[in-house]
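In this note's numbering, the protein residues as written are 2 to 236.
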């Protein structure tokens, strides 16, 4: 009997997925990760969205700490135009190194919203970082001029989890699928149906699907946790 096709909500790069069947759940003491979570271009780490997702990710991943921070252009209540992502890598890397020094021996997970996910991927490409995986929440694949910004993703060597809204104009799913097929690293995608760039789902769509915003986000968080724990079991 033929196996059923992959779920629409979770799409795996099966050609790069290793067999983790039969492995037990990681012990909290040994596997509790430190998560460094970067904000998007338009709102600081204190935004309601960031605070909510920080809490959800911390609980789901049993994180020893979820480290959030503000990039210099937005810290202290500043509202300057964000610089190019490449100019934020050094500052971001310093935050990561301080987290590693505080929690030696704990696995490192990098995560970010939108621009923060792009910078997280750039940081993850640095050999001195040694992250176990990177989680991209609303990766901004499409640039302002319409170009597909896939260079960093194609350089990644660590497992990568994408969470994308199906109505996110900055990351058309068909474009992301094409990039994922070319990526060297194990990668998975969870789609929040009807979600925009910040995963907000319209009331009409929620009603037609018989679900809530909270339930949709919880499914995404659980997908992230399953991916991260699978990666940590294989370390």
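We put the CB at the ideal spot given by N, CA and C, even for glycine.
Owing to the predicted nature of the structure, the values given are computational and were not obtained by experimental measurement.
Minimum C-alpha distance to residue i - residue among the options
i           : options          : result
residue 145 : 49, 170, 55, 187 : 170
residue 88  : 116, 65, 105     : 116
residue 150 : 119, 164, 158    : 119
residue 142 : 177, 186, 200    : 177
residue 41  : 32, 82, 59       : 82
residue 49  : 155, 98, 32, 199 : 199
Presumed contact (8 Å Cβ cut-off) between residue i and residue j, rounded CB distance
i           : j           : result
residue 1   : residue 160 : The shown model of the chain, from 2 to 236, leaves out residue 1, and the question about it has no answer.
residue 226 : residue 191 : At roughly 11 Å, the Cβ-Cβ gap does not stay under 8 Å, so residue 226 and residue 191 are not in contact.
residue 236 : residue 34  : Contact doesn't hold; Cβ gap of about 11 Å is too wide.
residue 134 : residue 229 : 6 Å
residue 77  : residue 114 : That belief does not hold up - the Cβ atoms of residue 77 and residue 114 are roughly 20 Å apart, past 8 Å.
residue 51  : residue 69  : 6 Å
residue 67  : residue 38  : 6 Å
residue 153 : residue 122 : 5 Å
residue 195 : residue 203 : 6 Å
residue 157 : residue 186 : 5 Å
Span separating the alpha-carbon of residue i from that of residue j
i           : j           : result
residue 73  : residue 209 : 42 Å
residue 111 : residue 166 : 20 Å
residue 182 : residue 129 : 26 Å
residue 23  : residue 62  : Its pLDDT being 39, under 50, residue 23 is placed unreliably by the model, and nothing is read from it.
residue 193 : residue 85  : 28 Å
residue 179 : residue 125 : 21 Å
residue 188 : residue 175 : 15 Å
residue 197 : residue 168 : 5 Å
residue 64  : residue 71  : 20 Å
residue 44  : residue 75  : 8 Å
residue 26  : residue 234 : With a pLDDT of 49 at residue 26, under the threshold of 50, the modelled position of this residue cannot be trusted; read the value that follows with caution. Cα-Cα distance, rounded: 7 Å.
residue 96  : residue 102 : 10 Å
residue 223 : residue 55  : 14 Å
residue 184 : residue 53  : 30 Å
residue 217 : residue 137 : 17 Å
Residue range of the beta strand (DSSP E) that includes residue i
i           : result
residue 134 : 134 to 138
residue 114 : 109 to 114
Opening and closing residue of the alpha helix (DSSP H) in which residue i lies
i         : result
residue 1 : Beyond the ends of the chain as shown, which are 2 and 236, falls residue 1; an answer cannot be given.
Complete alpha helix (DSSP H) runs within the stretch 182 to 235 (minimum length 4 residues, chain order):
204 to 210, 214 to 234
Please give the ranges of any alpha helix (DSSP H) in the stretch 145 to 174, keeping only runs that are unbroken, at least 4 residues long and fully inside the region.
152 to 156
In chain order, which continuous runs of the alpha helix (DSSP H) of length 4 or greater are located wholly inside the stretch 28 to 80?
29 to 32, 49 to 61
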